[in-house]
Amino acid sequence: MTAPLLEVSDVVRTYAMGGLLARHRTRAVDGVSFHLDADRPEILAVVGESGSGKTTLARMILNTVTPTAGIIRFQGTDLSRIRRARDRRAFMTHVQPIFQNPFEAFNPLKPVDRYLFVTAQRMAGLKAAEEIRQRADDSLKTVGLSLAEVKGRFPHELSGGQLQRVAIARALIPTPRLLVADEPVSMIDASLRTSIVNLLRRLRDEMGVSIIYITHDLATAYYISDRILIMHRGRVVESGNARAVLDNPQHAYSILLKRSVLSPDAAASGGAVLAAATSRYDQP
8 MTAPLLEVSD VVRTYAMGGL LARHRTRAVD GVSFHLDADR PEILAVVGES
58 GSGKTTLARM ILNTVTPTAG IIRFQGTDLS RIRRARDRRA FMTHVQPIFQ
108 NPFEAFNPLK PVDRYLFVTA QRMAGLKAAE EIRQRADDSL KTVGLSLAEV
158 KGRFPHELSG GQLQRVAIAR ALIPTPRLLV ADEPVSMIDA SLRTSIVNLL
208 RRLRDEMGVS IIYITHDLAT AYYISDRILI MHRGRVVESG NARAVLDNPQ
258 HAYSILLKRS VLSPDAAASG GAVLAAATSR YDQP
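First residue of the sequence shown: 8, per the numbering used here; consecutive thereafter.
Written out as structure tokens, the structure reads:
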């Protein structure tokens, strides 16, 4: 039997409040479980407000934060056993991040093509200069750009949408099986968001890449995802087929979250309506 691509089993992450010696601890992630099949690429949306635990969950999947309890396995390997630098690099060839703010992902003093070349060398193991340039160009063409367009250009010389495409191209260079995209369109102009989410769907359909799509945006989650997890205060309160869950949410918090997004009052108050009401819905 083929092992799941990703298996997250009853994962918990706690933090001490007020320092390492503080007695009070909070659970940023509290007993989360799900899996991604190895033979069926999909987009799984993890939806929640700020503080829901979704970014902490993403960092544990990327193996940059260690779970306090529970196990995360990638292709059958327990991430806690990946300790040596060589093993971490091998893991990252298969699991790549896409960050929220593309301008923070690149040094403003370095041309962006250098990042592509270094990734091709270190992560894809390419050595010949022509091979490196070709891999960079191929990855850029996948996202609708080319090496000729970005060669020698610095981050500030590209738009937010272009730079996020370069970041995605960089992530694709080692031909990963899984992308972990943390709010990848929240810093991009609304007019460009559709192009990025369509690109992610195309990566799933044409390249067989599974994607964990971290977001607070129900609209893009509805549009892009196959399945959805709705998180509140570290817990998954509802999960399932994305359209089924969002068309007819069952949990009280999910219903409130959907209504708050659609409510003009909530939008005008910057989310205050939702924040004032959520304390009633802390139980799963």
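Where is the CB? At the ideal position from N, CA and C, for every residue including glycine. No experiment lies behind these values; they were computed from the predicted model shown.
Range of the contiguous alpha helix (DSSP H) that encloses residue i
i: leucine 69; result: Premise fails: leucine 69 is in no alpha helix (DSSP H) and is neither H nor E.
i: threonine 124; result: According to the sequence as given, residue 124 is phenylalanine; it is not threonine. 119 to 129 is the span of the alpha helix (DSSP H), which, as asked, contains phenylalanine 124.
i: phenylalanine 98; result: 92 to 101
i: leucine 225; result: 225 to 231
Simplified DSSP assignment, three categories, for residue i
i: phenylalanine 106; result: coil
i: glutamate 213; result: helix
i: leucine 12; result: coil
i: alanine 23; result: strand
i: serine 87; result: helix
i: arginine 266; result: helix
i: arginine 208; result: helix
i: serine 57; result: coil
Cβ-Cβ separation, residue j to residue i (assumed contact under 8 Å), whole Å
i: proline 69; j: aspartate 44; result: It is worth fixing the name first, because residue 69 is leucine in this sequence and not proline. Not quite, the Cβ-Cβ distance comes to about 20 Å (not below 8 Å), so this is no contact.
i: proline 181; j: glutamine 103; result: 7 Å
i: histidine 239; j: serine 59; result: 6 Å
i: aspartate 189; j: alanine 65; result: 5 Å
i: glycine 168; j: leucine 206; result: Rounded, the Cβ-Cβ distance is 10 Å, inconsistent with contact.
i: proline 118; j: arginine 160; result: 6 Å
i: glycine 55; j: isoleucine 237; result: 7 Å
i: isoleucine 235; j: valine 252; result: 5 Å
i: lysine 61; j: valine 53; result: 5 Å
i: valine 204; j: tyrosine 230; result: 6 Å
Residue range of the unbroken beta strand (DSSP E) whose run includes residue i
i: phenylalanine 1; result: Nothing in the structure corresponds to residue 1, since the chain is present only between 8 and 291.
i: leucine 43; result: 32 to 43
i: arginine 250; result: First-last for arginine 250: 249 to 254, but that is the alpha helix (DSSP H), not the beta strand (DSSP E).
i: histidine 239; result: 234 to 239
i: leucine 51; result: 50 to 54
Where residue i falls, given that 16 or more other Cβ within 10 Å makes a residue buried
i: proline 115; result: exposed
i: arginine 20; result: buried
i: methionine 130; result: buried
i: aspartate 144; result: buried
i: serine 232; result: buried
i: alanine 197; result: exposed
i: aspartate 120; result: buried
i: alanine 228; result: buried
i: serine 153; result: exposed
i: arginine 177; result: buried
i: glycine 83; result: exposed
i: threonine 1; result: Only positions 8 to 291 of the chain appear in the structure, and residue 1 is not among them; the question remains open.
CB contact check: residue i to chain C, cutoff 8 Å
i: arginine 234; result: This model lacks chain C altogether, as it is built from one protein chain only.
Residue i Cβ short of 7 Å to the ligand COA heavy atom set
i: threonine 222; result: Looking at this structure, you won't find the ligand COA or any other ligand, since it has none at all.
Self-check item: Every unbroken alpha helix (DSSP H) inside the segment 133 to 203 [4 residues or more]
Solution: 136 to 149, 154 to 157, 167 to 179
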